[in-house]
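Trainee:
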Amino acid sequence: SPQCEVVTATMTYRNSAGDVEVLSYEQLSSVCTNQN
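For any residue, its number in this note's numbering is found by taking its place in the sequence shown, counting from 1, and adding 388.
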């Protein structure tokens, strides 16, 4: 079964100047939030 762990997610977006930026951040995997 999948484990609850920290994964690195990336989000690509356009800033107000119209430039594309890539933001990478750490978050808990979706398994963590589903364990009630």
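The beta carbon of each residue, even a glycine, is placed where N, CA and C say it ideally should be.
Please report the distance separating the alpha-carbon of Val419 from that of Thr400.
Mentor: 23 Å
Trainee: Can Glu393 and Ser417 be called in contact, C-beta distance under 7 Å?
Mentor: yes
Trainee: Would you identify the three-state DSSP class for Ser404, choosing helix, strand or coil?
Mentor: Here Ser404 sits in coil by DSSP.
Trainee: Taking DSSP's pairing of strands, which residues face Val421 in a bridge?
Mentor: The question names Val, yet the displayed sequence has Thr at residue 421. Paired residue(s): none; Thr421 is not in a bridge.
Trainee: Hey, how far is the Cα of Val410 from the Cα of Thr398?
Mentor: 7 Å
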